[in-house]
Amino acid sequence: MDNVATPQLSTGYGNSLAEYVGPFVTAGIQKGDIDLEKLNTTTLDEGIEFTRFDETIKDFVMARLGHPVVRVELTPYQIKTSIDEAVSKLNFHAPMWTIQMLAFDASAGVNIYKMPTWVVHNLEYVVYKKTLLSIQSQAGTLEFDFFIKYFQDNFLFQNFGVGDFFMLQTHLEQIRKVLGQEGTWNIINGQYLQLYPKPVVTPQEVIVVYRGLDSNTIHPAYRNWIQRYALAVSKGILGEIRGKYTSLPAPAGGAQLNGPELKQESAAEKQQLMEELLLEIEEPPVFTTW
């Protein structure tokens, strides 16, 4: 493998616990509570610590399940796993309003850079050596060939067709990439950003576009989606627990447990919430020719 570098990122938005550094960040920004690198990594042996964001989800779940009026047989670990599952779902399908950007300077001769997982997991695009919608006429460039010159002389200012121009730009973009003149990128092993061709100057600016949740800016409606999905998952866990028994002995003749009902509600609510997520929250995929 070629030399691998760990770049200094200009911003840390996207992981609420990331360091906010760089010229684009205003002083005094408060960090949020969502740490995407720690989702679904908690073990039963570890002490469970709820952040302020987690507490808003946990209290919602417990209240909807009847606490403190009735006993809710869920441990902190079980509630934490429910919260992590809900946050993971929303983050994976994060809508475009959660778009984040960062930038770093690539070095000459180094084309592999280690990226944070919270960037790679929802990576949208990497801008590297881009010359968007440019028509250069300098001698020695691709744009100076006879076909493009003919297009410029005959159509650029006469009977201009947007479709023709679009097809021209698509063609140029593909040719530039084939010949290595236009920068492009790839992800290796879920953690390395590979740029090609290799940078030949230092610094070479690289802009990374990705999506990520920030608990400071998350819309209340989507925070509520996390609450409801965590509640649905918790209902399934509680249903499994209560389903082990049909009733509990009591002086008045025993208490009937609702394990099967909770499991049915859990499955139905999770399906409904996933449909809401896919149809109302996540934007449809964007198709492009380059």
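Under the numbering used here, the first residue of the sequence shown carries the number 86, and numbering increases by one thereafter. For glycine and all other residues, C-beta sits at the position ideal for the given N, C-alpha and C.
Spell out the partners DSSP gives residue 290 in its beta bridges. Answer is 190, bridged to residue 290.
Unbroken beta strand (DSSP E) run spanning residue 269, endpoints: DSSP places residue 269 inside the beta strand (DSSP E), whose first and last residues are 269-273.
Tell me the DSSP secondary structure of residue 277 in three-state form. Three-state DSSP puts residue 277 in a strand.
Buried versus exposed, by CB contacts within 10 Å (16 or more), residue 296: By the neighbour-count criterion, in which a residue is buried when 16 or more other Cβ atoms sit within 10 angstroms of its Cβ, residue 296 is buried.
Tell me whether residue 268 is buried or exposed, calling it buried when 16 or more other Cβ atoms sit within 10 Å of its Cβ. Burial call: buried.
Output the distance between the C-alpha atoms of residue 349 and residue 148, rounded to the nearest integer angstrom. Approximately 20 Å, taken between the alpha carbons.
If you draw a straight line from the alpha carbon of residue 199 to that of residue 188, how long is it in whole angstroms? Cα to Cα, the separation comes out at about 13 Å.
Can you look up residue 303 in the DSSP assignment and give me helix, strand or coil? Three-state result, residue 303: coil.
Endpoints, the alpha helix (DSSP H) within which residue 162 is located: Element bounds for residue 162: 161-177.
Using 8 Å for Cβ pairs, my map puts residue 211 next to residue 284. What's the rounded Cβ distance? Between the beta-carbon of residue 211 and that of residue 284 there is about 13 Å, and that puts the pair past the 8 Å contact cut.
On the three-state DSSP scale, how would you describe residue 155? Coil, per DSSP.
Candidates 213, 129, 347 and 124: closest to residue 139 by CA position: Nearest of 213, 129, 347 and 124 to residue 139, Cα basis: 124.
Using the rule of at least 16 other Cβ atoms within 10 Å of the residue's Cβ for burial, across every protein chain shown, is residue 330 buried or exposed? So residue 330 counts as exposed.
With C-beta atoms as the reference, is residue 342 less than 8 Å away from residue 159? Between residue 342 and residue 159, the C-beta spacing is not below 8 Å.
Do residue 171 and residue 287 have their beta-carbon atoms positioned less than 8 Å apart in this structure? In this structure, the beta-carbon distance from residue 287 to residue 171 does not fall below 8 Å.
Straight-line CA distance for residue 141 to residue 90? For the pair residue 141 and residue 90, the Cα-to-Cα distance works out to about 39 Å.
In three-state terms, what does DSSP make of residue 283? In this structure, residue 283 counts as coil in the three-state DSSP scheme.
Pairwise C-alpha distance: residue 173 and residue 75: As shown, the chain starts at 86 and ends at 375. That puts residue 75 outside it, with no answer to give.
Quick one: what does DSSP say residue 184 is sitting in, helix, strand or coil? Residue state, collapsed to three classes: strand.
Going straight from the alpha carbon of residue 252 to that of residue 214, what length do you get? The straight-line gap separating the alpha-carbon atoms of residue 252 and residue 214 is approximately 21 Å.
I'd like to know whether the C-beta atoms of residue 354 and residue 294 end up nearer to each other than 8 Å. No, the pair does not count as a contact, with Cβ atoms beyond the cut-off.
From this set, 202, 248 and 361, which residue's C-alpha is nearest residue 313's C-alpha? By alpha-carbon distance to residue 313, the top candidate from 202, 248 and 361 is 361.
Taking residue 135 as the reference, which of 164, 152, 153 and 129 has the closest Cα? The candidate whose alpha carbon is nearest that of residue 135 is 164.
In chain order, what residues of the same chain have a beta carbon less than 6 Å from the beta carbon of residue 316, not counting five sequence neighbours either side? Counting only Cβ-Cβ distances below 6 Å, and skipping sequence neighbours, we find 146 and 149.
Report buried or exposed for residue 203, applying the criterion of at least 16 other Cβ atoms within 10 angstroms of its Cβ. Classification of residue 203: buried, given that the 10 Å Cβ count is 16 or more.
Rounding to the nearest angstrom, what Cα-Cα distance links residue 274 and residue 207 in this structure? Taking the straight line joining both Cα atoms gives about 14 Å.
DSSP state of residue 311 mapped onto helix, strand, coil: Judged by DSSP in its simplified three-state form, residue 311 adopts helix.
Should residue 304 be flagged as near chain C, meaning a C-beta pair shorter than 8 Å? In the structure shown, chain C cannot be found, because there is only a single protein chain.
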